[in-house]
Structure formats: C-alpha cells, structure tokens
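So that you can map any letter, position 63 of the sequence shown is 79 in the numbering used here, and since no number is skipped, the others follow by simple counting.
Beta carbons: idealized from backbone N, C-alpha and C, even for Gly.
Encoded as structure tokens, the structure appears first; notes follow it.
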Amino acid sequence: MPTMTESALKDGIIYGDMANAEYVYMPASEIGTAVPLCIYEKNGERFDISLARALHIVRKLSLKPAIHPQLGNSSC
C-alpha cells in the first residue's frame, strides 16, 4: 500500500525546502509509468532518482509541499 507521500508525488506534488533550495518531484512524463523516476534538485542541479530514493530524501530532510521557483505551485 502506498504511503501518503508516495501518492502525493505520483499526483504531482512538489516537496521542497525553499530556504535550502532543495526540491523533490515527479515529472508529468513519469506519472503512470511502471518504474517512475523522480527529480531531486539541490542548489540548481538536477538529479534523476528512483521513487524509493525520493521518498527517503523527503523523509530524511523533512520536506513539505512547496512552491518551486520555476515550476510554481503543483497543487493547482
């Protein structure tokens, strides 16, 4: 059973910390794929990561739903 965080990532919610410029999200092109990749941004650099790694980062850094400086608010 997916967790709430996993479901939110799959729904396009962006998790982040605006003060530290760290964000985790799933691009729209990955939603619904068998093995989706997520994006981890830190200080302007982007890295492809697995969904499991994305969940680990969100939990470890206590990231909350956030507004991305370029992508905006994902909850719309």
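Got a sec? Which residues, its chain only, sit under 8 Å from L87 by beta carbon, not counting five neighbours each side? As a first step, residue 87 must be located in the sequence shown, where it is residue number 71. For L87, where only same-chain residues beyond five positions count, the Cβ hits under 8 Å are I30 and Y41.
Who does I65 pair with in a DSSP beta bridge? Here residue 65 refers to the residue found at position 49 of the sequence shown. Beta-bridge pairing by DSSP links I65 to C54.
Rounding to the nearest angstrom, what Cα-Cα distance links L71 and S78 in this structure? Translated into the one-based positions of the sequence shown, residue 71 becomes position 55. Translated into the one-based positions of the sequence shown, residue 78 becomes position 62. So the two alpha carbons sit approximately 10 Å from each other.
I'd like the span of the alpha helix (DSSP H) that includes E22, first residue to last. Here residue 22 refers to the residue found at position 6 of the sequence shown. Per DSSP, E22 belongs to the alpha helix (DSSP H) from M20 to K26.
What residues match up with G60 in a beta bridge as DSSP calls it? Counting from one through the sequence shown, the residue named residue 60 turns up at place 44. The partner list for G60 (beta bridge, DSSP) is empty, contrary to what the question assumes.
Spatial distance of I83 from R62 (CA atoms): Counted from its first residue, the sequence shown places residue 83 at position 67. Counted from its first residue, the sequence shown places residue 62 at position 46. Going by the C-alpha atoms only, they are around 16 Å apart.
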